[in-house]
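Data block below; observations after.
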Amino acid sequence: MPQHSYGAIPWIGLTVLLPLLGFLVNGTLALVRPQAKRVVSLVGTGVLLASFIVAVLVVLQLRQETLIGPYTVTFWHWIVVDTLQIDFAFALDHLSAVMLLVVTGVGFLIHVFSVGYMREDPGYARFFAYLNLFIVFMLLLVLGSTVPLMFVGWEGVGLCSYLLIGFWYEEKANADAGKKAFIVNRIGDFGVLLAMFILWTSIHTLNFAVIAERAPTMLEAGGPVVTMVTLFLFLGCVGKSAQIPLYVWLPDAMAGPTPVSALIHAATMVTAGVYLVARTNVLFAMAPLSSTLVAGIGALTALFAATIGLRQYDIKKVLAYSTVSQLGYMFIGVGTGAYVAGVFHLVTHAFFKALLFLGSGSVIHAMHQAYHATHAHEDAQDMRNMGGLHRYMPWTFALMTIATLAIAGVPPFSGFFSKDEILAAAFARGAEHPVFYLFWGMGLVGALLTAYYMARLLTMTFLGDNRTGTAEQEHLHEAPWVMTAPLVVLGALSLAGGILNLPAFVGGHHALETWLDPVFEPAKKFSQLVMPHGSTELLLIGGAVVIAVIGLVAGIRGTLVRPIVVAKNAPAEMGFARVLFNKYYIDELYQFLIVSPIVGLSRLVLWKGVDQSVVDGFFVNGSAALMRGLGWLGSRLQTGQVGVYVILFLVGVVWILGSVLR
Amino acid sequence: MTDFLTSVGYGQWILHALIALPVLGAIVVLFGTTANAKRIGLVVAVLEFILSIGLWWAVDTRPGTMQLVAAIPWIPTWGISYRVGIDGISLFMVLLTTMLLPLCVLSSFTYIAKREKAYYALLLLLTTGVLGVFISLDLFVFYVFWELMLIPMYFLIGIWGGTNRLYAAIKFFVFTMAGSLLMLVAILVMVYRIRVVTGVLSFSYEHLLLNAVKVRSWSPWLFGGFGLAFAIKVPIFPFHTWLPDAHVEAPTAGSVMLASVLLKMGIYGFLRFAIPFFPSVALGPDITALVIGLALIGIIYGALVAMVQPDIKKLVAYSSVSHLGFAMLGVWAGSVQSVQGALMVMIGHGFSTGALFFLIGMLYERRHTREISAYGGIARVVPLFSVILMIASLSSIGLPGLNGFIGEFLILLGSFRNHPVAVGLATTGVIFAAAYLLWALQRLIFNRLDKPENSSLRDLTLREVLVMAPLVIGIVWLGLFPGPVLRKMEPATKRYLELADPGIHPIKLFSFADKSK
Chain A
263 MPQHSYGAIP WIGLTVLLPL LGFLVNGTLA LVRPQAKRVV SLVGTGVLLA SFIVAVLVVL
323 QLRQETLIGP YTVTFWHWIV VDTLQIDFAF ALDHLSAVML LVVTGVGFLI HVFSVGYMRE
383 DPGYARFFAY LNLFIVFMLL LVLGSTVPLM FVGWEGVGLC SYLLIGFWYE EKANADAGKK
443 AFIVNRIGDF GVLLAMFILW TSIHTLNFAV IAERAPTMLE AGGPVVTMVT LFLFLGCVGK
503 SAQIPLYVWL PDAMAGPTPV SALIHAATMV TAGVYLVART NVLFAMAPLS STLVAGIGAL
563 TALFAATIGL RQYDIKKVLA YSTVSQLGYM FIGVGTGAYV AGVFHLVTHA FFKALLFLGS
623 GSVIHAMHQA YHATHAHEDA QDMRNMGGLH RYMPWTFALM TIATLAIAGV PPFSGFFSKD
683 EILAAAFARG AEHPVFYLFW GMGLVGALLT AYYMARLLTM TFLGDNRTGT AEQEHLHEAP
743 WVMTAPLVVL GALSLAGGIL NLPAFVGGHH ALETWLDPVF EPAKKFSQLV MPHGSTELLL
803 IGGAVVIAVI GLVAGIRGTL VRPIVVAKNA PAEMGFARVL FNKYYIDELY QFLIVSPIVG
863 LSRLVLWKGV DQSVVDGFFV NGSAALMRGL GWLGSRLQTG QVGVYVILFL VGVVWILGSV
923 LR
Chain B
47 MTDFLTSVGY GQWILHALIA LPVLGAIVVL FGTTANAKRI GLVVAVLEFI LSIGLWWAVD
107 TRPGTMQLVA AIPWIPTWGI SYRVGIDGIS LFMVLLTTML LPLCVLSSFT YIAKREKAYY
167 ALLLLLTTGV LGVFISLDLF VFYVFWELML IPMYFLIGIW GGTNRLYAAI KFFVFTMAGS
227 LLMLVAILVM VYRIRVVTGV LSFSYEHLLL NAVKVRSWSP WLFGGFGLAF AIKVPIFPFH
287 TWLPDAHVEA PTAGSVMLAS VLLKMGIYGF LRFAIPFFPS VALGPDITAL VIGLALIGII
347 YGALVAMVQP DIKKLVAYSS VSHLGFAMLG VWAGSVQSVQ GALMVMIGHG FSTGALFFLI
407 GMLYERRHTR EISAYGGIAR VVPLFSVILM IASLSSIGLP GLNGFIGEFL ILLGSFRNHP
467 VAVGLATTGV IFAAAYLLWA LQRLIFNRLD KPENSSLRDL TLREVLVMAP LVIGIVWLGL
527 FPGPVLRKME PATKRYLELA DPGIHPIKLF SFADKSK
């Protein structure tokens, strides 16, 4: 029998190796020749393009293959102790293939955008080094065949996120934000670690494929073990994907350069939690309690974050809360058991949210240059200082309008299809568990708010009169092509991304669903979901579209109706708007309830109290003082006569030897 | 490689050579000129390291038993002989020590400016003491080496230390001495009681190991003697307060040796002596509960106290309390994974904490302060230093992919079956570790460069890069390719676990209820 050739699949390691090389080259240049920007751009984007091409070849090959199981490429045995064997190996299946394309594809576009956006920055080489390293870890997360290897990527992307949020570390707030992101994520990682320990103890494997194989037979469906595992895994997802109660790091993460917000804090890293739930779908399907919690937290976050988004003025903060909210929708999807819908929304969201962030980056870039030209010290990110920008940046305006319609769920834009599928699934699950009707309702209200705050963002930024300043207006202009071109590609994807999984009522064949079917097949044994069809489906869709349109119209009219005062003259918010503007004071609450008590306890009670006063002060130095006292008594024996000493010495020796050797 | 080593008879002389070379080197240093002291020291240290590399091939770790055993009668009438040997556990302790020695010497070139001859001679002597502890197979010889390492360390802190060096040196000395004297009594009593039973007077490790069970009624007391000495050395809460003081006051190389090697002697002592001798006590329910409880306190308490330290060296010192708590947990959990995890923590902590102390020393040489608040924003002026500091800190935090993760992960994974709640609590340590180190990093290298005296800091010199490079490579290498090391440890670990079997009737410590048999 001829040896079966897997085409490009064995070369999958290149997708990681190339960005790693890019990181090493750019990292070295950052230390040795930071001004070599041309080489850095070439290497930084080149490795991503090459990685994307390899990824495409690999996925094309995967289409040809007939085997269902993951294609595993083992590089070396990583941790080997007794029966524990964890390989450094990649597993390619239909799910990781989707992520592979999104990460390298969207990643490449954002790298290109960064060439323009970061051009003037002295840390240019360092930036690209971090960005390349991020891709390395993100692909490890996606491709790792075992939980620990996935965890290398999982924490690695957290590290890059930390480094990039605090990229402009000279501003204390930025360094604070980076640190906060890492530590909050570590709370989640604690959950992932414990989930691994329980898995190893109960089913003796940490390999994703073997877990999916063994869990159905070795664990009791709905039992305590699988529920614990999934709850701890979900804790990790809550941290990484910024859900309640651990979402607080993501809005602060906007301190990083805008391409970082687009790549890490919108398109890829923050969706890792959704990916993890999808990856371990069998476990979640076996744990209905956990799945309900996943959907519930998702619904709550989707709604809660959307309300905060209503009253933010920083353009990136609006998008940050929007991301938190949209991630909530994805969790409604995977929590409901509609894994495909969750992944579908993950993909379309990667397109339109990357577009929104990069578009806002273009706006900030333009604003910044305008203020820079006039030496004004205004906030380049505050939407109250913008307005009417469509005259200066028509491309950005048009593309961000597409993205806004996509996220609001207006047909035929991509977000319409994916969000609709999630809400329909939640509705369908309601027949079984009525609480899902509540989640569906929350998602629907969230959709209304989403349409509102996005329309508000678009209106405040691009419509109405310009508020930037008369002198500045001359300097406002469209971004260079190197920044606009990636936007155009993302615009096309946001517009047409729905094609990936067109439903039957528009003549589609659920292509993504068919593609992902092998991955989610095992979960179906435990949780079947009958999607609504016929008139129910059409009613749900019609309702969602009406809500989106209402939200959009209200957002535009509500924003245009009152004059907007520029940021520096703006009066303080009053009433509930003030609560929203201050994000429900959750950060302050955490500081007051958790951070301050722990630091206080550590400093005053543990260090000054236990360590210095009790252990050292009382016992150690106390016994030293006691000895000094005895020593003083003993010194009375010091007569200075050698003969007395010798006798005492001899008596002592004899006594000791006598008692030991008795 | 093996053929070459056999042809030069490597196995016959290497252990003796590793012990003797530093002593000879110390003598040469003392007879040489002051100007040459550091160069001679470096040559000897490098030679020692190169010699030791062959152990990787020469020690057959597959049987899990002692290899290259050699004995020279010393005081035959008392059954004392100079017996040494090495297995898959001590192998890595020896290699860690010999690898760090040249780096310690090299890092001291500019740091030490007074009485250099004595300094380098003591550093070499210290190495002999440490290596002796790790390879001796005779309890008397072990005790001699244990005390031998104490004296150079006392002088290193007391002479070349910081402002409060005398307090720290005496505290270190008294703490360790208090423990080791009790251990001496325990050794003497044990040897004597075994002689009463067997009629053979011998300090030989194997003899005592084989017959320890015959003096079972004494084992709670004997374990107490050994255990206290090792517990102080680890150090386990509440015997840890000598550590921050000793670390802060010691010169850089002293801190590195202390953290990377000396602390490991405590865990090593438990693994080699205290537990295999008296498994029924050590692994009985009382002591297990006590030790795991104290280990947990060490992990969490050490991390929390580290978080609020204003002195960076003290911060790292308390972080050691936290890390060694993990190792204790791993040892007492007693699975193959958890014990090998403890061994990996011992190695990994040697690399990452050693690196941190070197870096702090380099900073101290430039600014003469260890106050975290004296820095800030220096990443811009010393980028290379900052990158390496970041890597070492991340390793200490336990970032997967670097060496620190392997040990902690194996310990927690291997301990979960028998101690799920303890593992749950211990795992919170990963959160606190991130908190204290990232907070410190931010205040050191990030934020605004607001102190003018920091704006002219010089980045690492070539010599300093040479000190750091092996550690950075080790941190990454062991994180990605721990396989060969783990494989070499495994047989010895399994043999240890066979010895460390508490048996069917573990002794309840506080009842001495052995009368039933």
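Sequences listed follow chains A and B, in order. Residue numbers are given in my numbering: position 393 of the first sequence equals residue 655, and the series is strictly consecutive. Residue numbers are given in my numbering: position 338 of the second sequence equals residue 384, and the series is strictly consecutive. Glycine residues also receive a C-beta, built at the ideal position from the N, C-alpha and C atoms.
- For B/T173, count neighbouring Cβ atoms within 10 angstroms of its own Cβ and tell me buried if that reaches 16, exposed if not. A residue is called buried when at least 16 other Cβ atoms come within 10 angstroms of its Cβ; B/T173 meets this threshold and is buried.
- Task: Kindly say whether B/A425, judged by its beta-carbon, lies nearer than 8 angstroms to any beta-carbon of chain A.
- Result: When Cβ-Cβ separations below 8 angstroms define contact, B/A425 makes contact with chain A.
- In whole angstroms, what separates the C-alpha of B/L568 from that of B/V280? Absent from the model: residue 568 of chain B. The displayed extent of chain B is 47 to 563, so no value can be given.
- Query: What are the start and end residues of the alpha helix (DSSP H) that includes B/T80?
  - Reply: 80-99 is the extent of the alpha helix (DSSP H) around B/T80.
- Continuous beta strand (DSSP E) stretch holding B/W120: start and end: Taken as a continuous stretch (DSSP letters only), the beta strand (DSSP E) holding B/W120 covers 113-121.
- Could you check the C-alpha separation between B/F50 and B/A116 for me, to the nearest Å? Roughly 21 angstroms separates the two Cα atoms.
- Task: Kindly list, in the order they appear in chain A, the residues whose Cβ is closer than 7 angstroms to that of B/Q488.
- Result: Taking a Cβ-Cβ cut-off of 7 angstroms, the neighbours of B/Q488 in chain A comprise A437, K441, given in sequence order.
- Task: For B/G100, collect the residues of the same chain with a Cβ closer than 7 angstroms to its Cβ; drop the 5 residues on either side in sequence, then sort them by chain order.
- Result: Hits under 7 angstroms: L51, Y56, I60.
- Message: With a threshold of 8 angstroms between beta-carbons, can B/G300 be considered close to chain A, or not?
- Response: Chain A, which has no Cβ nearer than 8 angstroms to the Cβ of B/G300, makes this no.
- alpha helix (DSSP H) runs contained entirely in the region 325-399 of chain B, provided each spans 4 or more residues: Taking 4 residues as the minimum length, the alpha helix (DSSP H) runs contained wholly in the region 325-399 of chain B are 325-328, 331-353, 358-379, in order along the chain.
- Query: Grouping DSSP H, G and I as helix and E and B as strand, with all else coil, what is A/T346?
  - Reply: Reading off the sequence, residue 346 of chain A comes out as Leu, not Thr. When secondary structure is reduced to three states using DSSP, A/L346 falls in the strand class.
- Task: Just the chain B side, please: which residues come within less than 9 angstroms of A/S927 by C-beta, in chain order?
- Result: One cannot answer for residue 927 of chain A here, as it falls past the ends of chain A, which runs 263 to 924.
- Task: Kindly indicate which three-state DSSP category B/A559 falls into: helix, strand or coil?
- Result: Here the model assigns B/A559 a pLDDT of 40, short of 50, so the residue's position is not dependable, and the following value carries that caveat. Coil.
- Task: Measuring only between beta-carbons, confirm whether A/K845 sits less than 8 angstroms from chain B.
- Result: The Cβ of A/K845 sits no closer than 8 angstroms to any Cβ of chain B.
- For B/E536, return the contacting residues in chain A, with the cut-off set at a CB-CB distance below 8 angstroms. Within chain A, V343, D344 have C-beta atoms less than 8 angstroms from the C-beta of B/E536, given in sequence order.
- the region 276-291 of chain B: positions lying closer than 7 angstroms to chain A by Cβ: Using a CB distance below 7 angstroms, the part of the region 276-291 of chain B facing chain A consists of P284, T287, ordered along the chain.
- Task: Check whether the Cβ of A/E432 lies closer than 8 angstroms to any Cβ atom in chain B.
- Result: Yes, contact with chain B.
- Please compile the residues from chain B whose C-beta is within a distance smaller than 8 angstroms of the C-beta of A/I445. Close to A/I445, with beta-carbon spacing below 8 angstroms, are these residues of chain B in chain order: I477, A480, A481, L484.
- Contacts around A/K787, its chain only, beta-carbon distance under 8 angstroms, and the 5 residues preceding and following it disregarded: Excluding its 5 nearest sequence neighbours in each direction, A/K787 has C-beta neighbours in its own chain below 8 angstroms: P478, A547, listed in chain order.
- Task: Check the C-beta distance from A/A457 over to A/V491 and give it rounded, since I have them as a contact under 8 angstroms.
- Result: Yes, A/A457 and A/V491 are in contact; Cβ-Cβ is about 5 angstroms, under 8 angstroms.
- Query: Pairing CB atoms from the region 383-401 of chain A with CB atoms from the region 412-420 of chain A, are three or more of them under 8 angstroms?
  - Reply: The region 383-401 of chain A, when compared against the region 412-420 of chain A, does touch it at the 8 angstroms Cβ threshold.
- Query: For the region 380-405 of chain A, which residues have a CB atom closer than 7 angstroms to at least one CB atom of chain B, in sequence order?
  - Reply: Listed in sequence order: no entries.
- Item | Residue(s) in a DSSP beta bridge with A/F606 | Residue pairing of A/F606 in beta bridges, as defined by DSSP: absent, with no partner found.
- Spell out whether any CB of chain A is found under 8 angstroms from the CB atom of B/G134. B/G134 does not count as touching chain A.
- Task: Identify whether A/N469 lies in helix, strand or coil by the three-state DSSP scheme.
- Result: Here A/N469 sits in strand by DSSP.
- Query: What are the residues of the region 447-462 of chain A that lie near chain B, defined by any Cβ-Cβ distance shorter than 8 angstroms?
  - Reply: Against chain B - using a Cβ distance shorter than 8 angstroms - the residues of the region 447-462 of chain A are R448, I449, D451, F452, L455, L456, M458, F459, I460, W462.
- Item | Euclidean distance between Cα positions of B/F316 and A/L778 | For B/F316 and A/L778, the distance between alpha carbons rounds to 53 angstroms.
- Item | Residues of the region 434-448 of chain B whose Cβ lies closer than 8 angstroms to any Cβ of chain C, in chain order | The chain inventory of the structure shown lacks chain C, comprising the protein chains A and B.
- Query: Using the beta-carbon of each residue, which ones in chain B are nearer than 7 angstroms to A/P784?
  - Reply: Here the premise fails: no neighbours, minimum Cβ distance about 25 angstroms.
- Query: Relative to the alpha-carbon of A/P507, which residue among A/A810, A/A687, A/V446 has its alpha-carbon at the smallest distance?
  - Reply: Looking at the Cα atoms, A/V446 is the closest of the given residues.
- Closer than 8 angstroms at the beta carbon, the chain B residues around A/T421: In the sequence as displayed, the identity of residue 421 of chain A is Leu instead of Thr. Neighbours of A/L421 on chain B, chain order: L440, L445.
- alpha helix (DSSP H) containing B/S154: first to last residue? B/S154 -> no alpha helix (DSSP H), and no H or E assigned at all.
- Quick one, which of B/A481, B/G110, B/A91 has its alpha-carbon nearest A/I860's? Selected option, being the one with the closest Cα: B/A481.
- Item | Buried/exposed call for A/H795, threshold 16 Cβ in 10 Å | Under this definition A/H795 is an exposed residue.
- A/D438 versus B/Q488: straight-line alpha-carbon distance, rounded: If I take the Cα positions, the gap works out to 8 angstroms.
- Is the Cβ-Cβ distance between B/G450 and B/S441 less than 8 angstroms? Cβ distance < 8 angstroms, so B/G450 and B/S441 count as in contact.
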